[in-house]
Amino acid sequence: MAEDRKRGAVDRINSAVDTARNIKTAVSLARAAGTAAEAVATSETWVPILIVILVVLVIIILFVVIIIATTGGTGSANPAPTPLPLPSSTQDNCPIPNGVVTCGSKNIPINGCGHCGLNYPHPEYCNYPGIYYAMDVAPADTASKSIYLPKINGDVIKWTFAPPEIIGYSGQAIQTYTGVDELTHEQYLIGFHHTQPRRGNQGDHFSGEIGARICDNGCDHVHVEFALGSSDWKDAPLYFGCRR
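All residue numbers for the sequence shown refer to the numbering used here, where the first residue is 2 and numbers rise by one.
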């Protein structure tokens with residue numbers, strides 16, 4: 002009998018211990034649930050803020066990309082035009098085949114000389130606009146006297162002799178041609194100075210044909226002046242690929 006009472010007491014103690022353990026486990030689970038709830042609440046607060054920040058950053062990046070694409074990264078929507086590249090030295094581009102530029106324009110001096118600029122030996126001639134943009138071209142072979150009608154920007158030009166022929170000092174002449182690009186309809190004017198009188202090529206001709214001849218009276222080069230239209234003078238060294 003005493004043994005039964007003792008076993009019953011032990012069972013009640015064990016049951017109480019189990020109950021205490023279950024209570025402790027429940028408390029731990031409750032705390033864990035509270036911590037999780039706080040984390041969820043915190044994340045729910047920050048997620049919208051993070052989304053707004055990301056959207057703002059994307060808009061800023063797109064704005065910067067658009068500015069760079071439209072301005073070329075220079076901060077200007079109208080960047081400075083790029084000068085025309087120098088064409089290759091070919092017979093139909095340089096008025097004298099294999100010719101050498103002995104004096105460039107004022108803006109583009111070549112071989113230490115620029116018309117009406119650097120080391121130009123005849124400033125007394127600088128009394129009209131076209132000379133400031135001219136260049137002098139000498140033949141590599143002094144026996145070569147022919148001057149060819151050139152291409153412009155790689156296109157064949159229809160050139161028309163523009164009389165009257167101008168006879169200058171010492172029996173030298175100026176032969177002038179108007180030109181038209183039949184593809185783009187651009188119009189041009191070219192003048193050859195220090196040429197042989199009465200050797201202009203009358204009528205219509207095309208790039209690659211002979212347009213004049215260097216004069217026989219002591220001339221060693223041709224003076225070339227070039228314009229868009231009839232008076233928009235351009236630096237000749239930019240358009241004709243003669244050797245330097």
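Ideal placement from N, C-alpha and C gives every residue a C-beta, glycine not left out.
Alpha-carbon spacing of residue i relative to residue j, whole angstroms
i	j	result
residue 244	residue 56	58 Å
residue 232	residue 192	12 Å
residue 89	residue 53	Confidence at residue 89 is low in this model, with a pLDDT of 42, below 50, so its placement is unreliable and the value that follows should be read with caution. Straight-line Cα distance between these residues: approximately 57 Å.
residue 184	residue 207	13 Å
residue 228	residue 186	15 Å
residue 178	residue 188	11 Å
residue 115	residue 95	18 Å
residue 122	residue 138	16 Å
residue 230	residue 190	6 Å
residue 242	residue 158	16 Å
residue 144	residue 97	12 Å
residue 150	residue 168	20 Å
residue 235	residue 119	18 Å
residue 209	residue 128	32 Å
residue 204	residue 211	12 Å
residue 60	residue 50	16 Å
residue 135	residue 217	21 Å
residue 180	residue 62	50 Å
residue 124	residue 220	19 Å
residue 156	residue 58	50 Å
Nearest-angstrom Cβ-Cβ length linking residue i and residue j, presumed shorter than 8 Å
i	j	result
residue 213	residue 106	About 20 Å separates the two Cβ atoms, so there is no contact after all.
residue 215	residue 146	4 Å
residue 141	residue 202	No, residue 141 and residue 202 are not in contact; Cβ-Cβ is about 23 Å, not under 8 Å.
Where the beta strand (DSSP E) through residue i begins and ends
i	result
residue 231	Unbroken run through residue 231: none, as it is neither H nor E.
residue 194	188-196
residue 137	136-139
residue 102	101-104
residue 206	205-207
residue 180	174-181
residue 148	147-149
residue 115	Per DSSP, residue 115 belongs to no beta strand (DSSP E) and is neither H nor E.
residue 161	159-162
residue 212	211-214
Which listed residue (the options) has its alpha carbon closest to that of residue i
i	options	result
residue 1	58, 50, 122, 102	For residue 1 there is no data in the structure shown, the boundaries of the chain being 2 and 245.
residue 222	148, 234, 134	148
residue 132	157, 104, 156	104
residue 154	205, 182, 63, 217	182
residue 224	180, 62, 126	126
residue 166	200, 180, 211	200
residue 226	220, 156, 204, 130	130
| said: With three or more beta-carbon pairs closer than 8 Å as the criterion, would you say the segment 195-214 touches the segment 168-185? | reply: yes
| request: Indicate whether the contact test is met: 3 or more Cβ pairs, each with one atom in the segment 154-167 and one in the segment 104-111, closer than 8 Å. | output: no
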